[in-house]
Amino acid sequence: MNGIVKEYDKQRGFGFITGDDGEDYFVHAYGLGPKLKSSGLRPGQRIAFDVDFDMKGDKAINVRPS
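Add 3 to a position in the sequence shown, counting from 1, and you land on the number used in our numbering.
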């Protein structure tokens, strides 16, 4: 899936991505791919990601540049 970074707090290590489907997905630093681990995410940045589900809801994993 593709989407746009809504917000991301690098110090806290999490944020939200708005998918092309209009849904918001939680993203944690652990879900970032190697190219984004050091730089983090910027609001408005276009990215690709996979969706996983846990007890708290949908989350973005394998986040990478699109």
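C-beta atoms are modelled at their ideal positions from N, C-alpha and C, and glycine is treated no differently.
As the structure is a prediction and not an experimental result, all values here were calculated from the model.
- Shown here for D61: same chain residues with a beta carbon closer than 8 Å to its own, the five before and five after excluded, namely E26, Y28, F29, V54 and D55 in chain order.
- The C-beta distance from P68 to E10 rounds to 18 Å, too long to fall under 8 Å, and the pair is not in contact.
- Here the alpha carbons of V8 and Q48 stand approximately 5 Å from one another.
- Taking each of D12, G18 and S42 in turn and checking the Cα distance to I64, the smallest one comes out for G18.
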